[in-house]
Structures are given as structure tokens and as C-alpha cells.
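Novice: For the record, the sequence lines run as chains A and B. Note that this note's numbering has the first sequence beginning at 110, numbered continuously upward. Note that this note's numbering has the second sequence beginning at 110, numbered continuously upward. For each residue, glycine too, the CB sits at the ideal point set by N, CA and C. As the structure is a prediction and not an experimental result, all values here were calculated from the model. Mind having a look at this structure? Questions to follow.
There are 2 protein chains.
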Amino acid sequence: MDTEIVEMLRGKGLKVTPQRLAVMKLLSRGGHFNGEQIYEELKKNEPSISLSTVYNALEALENAGIVNSFEANGITWYEMATKAHINVFCLDTKEIIDVSANLQDIENQLMEKGFDVKNVSVVAYASCNKVSNK
Amino acid sequence: MDTEIVEMLRGKGLKVTPQRLAVMKLLSRGGHFNGEQIYEELKKNEPSISLSTVYNALEALENAGIVNSFEANGITWYEMATKAHINVFCLDTKEIIDVSANLQDIENQLMEKGFDVKNVSVVAYASCNKVSNK
DNA sequence: TTTTATCTTAGAGTAATTAAAACTTATCAT
DNA sequence: ATGATAAGTTTTAATTACTCTAAGATAAAA
């Protein structure tokens, strides 16, 4: 239901717009999307949406702590802000795979050093070894 | 002395060019540089160098495992490939600060899952709390 | 010292993102 | 419900950070 998302946005003091709802619904499906992918996907239902709006919405959602972003392969990727994990960029398939890991020590170490940590991004570049590379 | 660098490049099967030497000497000073910064710095001594050459040299050096790169704040940063560490992007000063940390578990976990890991990038976005933000 | 594969250069080209300006809308207080 | 207003959206243009190409130059092997 949309109600949850609506309340989530309201709770963070964000205006609830159809565009933001659509971004949230897409990201809620799970996985990783870049700006262009989100734009292309949302255009299917709402052809008038613009790429700027997508980026604006993502920025607002990220600032509110609902969405998380990281950079890999020269692109910014967005995902729902859930539990911290490793994002593995597969050099064979160019897919991003979530790998769970305990990253709490990292954040703790930084806090101990006096940093006020907003986001920790762990990106690994690797071959998944499941593809035949001739 | 340049001899060390020359031998390092030769050992990796790379041609030794004045441009690559210059990139290596700059990165050897320590710290993090982006393509434009390296270009601007090298131009001081060799005005004919081009930005493409900088990126080409960095790519060759990275492929050889001599140089490491990571992305932060929409920019690719280059550093000498030394011990794995956390790169903290300070949201106040926009500087990148190295923070040592044990990242071996991360790489091990990925290896156990069958990944052939080429590079692990840990980037934290944080305030250093040493700057007065009015 | 000639050969040749590789590198460098200059400049054009591209992809991803950001900015500006004008218009539209979600929310709140009537 | 209504109207004000702050915030969000759209379109278009601009910017940033690379990336590519083609032609000339050069490091290193023979």
C-alpha cells in the first residue's frame, strides 16, 4: 500500500508528490538503480516526468535518510537505505550484488576519531566467476 | 631517486615515459588527486602534457597495480596503492582523509563467496567537526 | 639505427549530473 | 472548501569529468 510510504515521507517533513511516490515504489522493489534507469522506468507510467525531477526527488529522499547512494563505475547508484552492506560491482556482468557484512566497526572507528559519519560506502570491484570470459 | 620508479614500471612491463614518471612522482608525495589536479600540477613542469595523457597514464598504472582509485563526491581519486584504508570525504572541508582500518575481513568474505576481488573501496562521508559551520 | 608497438597530443565528443527560470501543486491556515 | 505560499516540477541550457580518435612521436627490442 502507498500509505506507508506516504507516512514515511510526511514523517520526514517531505511533501508527498506523485513523483516521489513513484521513485519510492520503484526503489522498494529492491536492487540498485541509477538516475537514468529510474527516469526510464517511471516514464512508462508518467511520461511527463523529467530527469531533473528524478534527481531532485532522490536528493530529497537521501537527505531524509530514506534512500542511500553510492558510486561505482563512474555512476551514482540509489537503493533504499536498509542495513549497511557491501556493494559488489561485477566486472563481468556489470551488475551490482549486495553482500551482507558487518560494517559497524568501521563506523565506530570513525566516530572514535571524532567524525560525524553520514554515510559509509563499501564498493568492491570483482569478477563473480560465473560467466565464461573467452 | 627516479631509479626506483623506473624499475617499478619496467617490472610491470610498462614503458617508461616522462609523463608516467611525472605522475608517479606526484602521487608518491602522498595524498589524493583527481585527474584535473594531476594535470594542472604536471603542466607546471611540462606545459605540453595533455589531460588525456594523464588519464591514460593513470589507467596503465592502476592496471599494473601501482596506483589505486576510488570514487567520492562524483570524482575519481587516485593514490599510490598502499595498504587498504578508509577514505573519509570531509563534508566540511571537501578534503579526503586516510583512516587506517582492517579491511581484510571484507575481502575474505567476498573471496569465500567466490568473488575474484580486484579492488575494495571504502569511502565515508563525514564531518570532521574541526570547522565552524556558521 | 631501424623497426614497431606503444604512447602522447590536441581537440572533439559524450554521459551524467546540476542549474536557472518559469510554471504548478501540496499543504496549511483560514 | 479556498486561497496563500512555500516547495516541487518541468524544460532547457550548462557544466563537469572524463573518453575517444587520428596523427605524430618515442621507448625499447632487434
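With distances taken Cα to Cα, identify the nearest neighbour of E180/B among E216/B, T112/B, H141/B, S209/B.
Specialist: H141/B
Novice: Do you know offhand how far K203/B's Cα is from K239/A's?
Specialist: 39 angstroms
Novice: Once you ignore the five residues that flank I175/B on each side, which residues in its own chain have a CB closer than 7 angstroms to its CB?
Specialist: The answer, listed in chain order, is M117, K121, A190.
Novice: Report back the beta-carbon spacing between Q218/A and A210/B to the nearest angstrom; my notes put them in contact at under 8 angstroms.
Specialist: 6 angstroms
Novice: Strictly below 9 angstroms CB to CB, what residues from chain A border I195/B?
Specialist: I215, Q218, L219, V229
Novice: So is A233/B in contact with chain A if we call contact Cβ pairs under 7 angstroms?
Specialist: yes
Novice: Pull up the distance between the alpha-carbon of T126/A and that of I206/B, whole angstroms please.
Specialist: Just so you know, the alpha carbons of T126/A and I206/B end up roughly 39 angstroms apart.
Novice: Using only CA atoms, which one of V226/A, T185/A, F198/A, S157/A lies nearest to N196/B?
Specialist: V226/A
Novice: If you run the structure through DSSP and keep just helix, strand and coil, what is D111/A?
Specialist: helix
Novice: Let me know the beta strand (DSSP E) ranges lying completely inside the segment 131 to 217 of chain B, each 3 residues or longer, listed in chain order.
Specialist: 176 to 181, 184 to 189, 194 to 199, 205 to 209
Novice: How would you list, in chain order, the residues of chain A whose beta-carbon sits under 7 angstroms from the beta-carbon of E116/B?
Specialist: Result: empty, since nearest Cβ-Cβ is about 28 angstroms, beyond 7 angstroms.
Novice: What is the residue span of the beta strand (DSSP E) that K227/B lies within?
Specialist: 225 to 236
Novice: Leaving aside the five residues before and after S178/B along the sequence, list all residues of the same chain whose C-beta is less than 6 angstroms from its C-beta, in chain order.
Specialist: E171, T185, Y187
Novice: Comparing alpha-carbon positions, which option in V208/A, A131/A, L167/A, I215/A lies nearest Y234/A?
Specialist: V208/A
Novice: Which residue wins for smallest C-alpha separation from E168/B, given the options L135/B, D201/B, R129/B?
Specialist: Comparing Cα positions, the closest option is R129/B.
Novice: Determine the burial state of N220/B: buried for a count of at least 16 other Cβ atoms within 10 Å of its Cβ, exposed for fewer.
Specialist: For clarity, residue 220/B is Met in the given sequence; the question names Asn instead. With fewer than 16 other Cβ atoms within 10 Å, it is exposed.
Novice: Determine the contact status of S161/B and L200/B, defining contact as a CB-CB distance below 7 angstroms.
Specialist: no
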